[in-house]
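Residue numbers (the numbering used here): 14 to 78.
Below, the structure written as structure tokens:
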């Protein structure tokens, strides 16, 4: 269970980095503002998922009180 959660966290963080890179590429090439907005929304959603996974991992597998 812990290993699968770690893999999900790595995938979520990688997805955030990829979406961020796509957004930066779109901005520097002078792409559509609509595309930039969609990428920003997708990045924020993925960041929320990544943070939720990290918090779940800390809650379930962190140091015991």
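A virtual CB, placed ideally from N, CA and C, is assigned to each residue, including glycine.
In this text the structure is predicted, and so the values were computed from the model without any measurement.
Contact under 7 Å by Cβ, residue i with residue j
i	j	result
residue 32	residue 55	yes
residue 63	residue 30	no
Where residue i falls: helix, strand or coil (DSSP)
i	result
residue 14	coil
residue 49	helix
Selected residue, minimal CA-CA separation from residue i, among the options
i	options	result
residue 27	72, 76, 60, 70	60
residue 18	77, 76, 69	69
residue 53	65, 76, 67, 34	34
Contacts around residue i, its chain only, beta-carbon distance under 6 Å, and the 5 residues preceding and following it disregarded
i	result
residue 71	none
Chain-order list of residues whose beta-carbon lies under 8 Å from that of residue i (same chain, five-residue window excluded)
i	result
residue 49	36, 39, 40
Contacting residues, own chain, Cβ-Cβ under 7 Å from residue i (five flanking each side not counted)
i	result
residue 51	none
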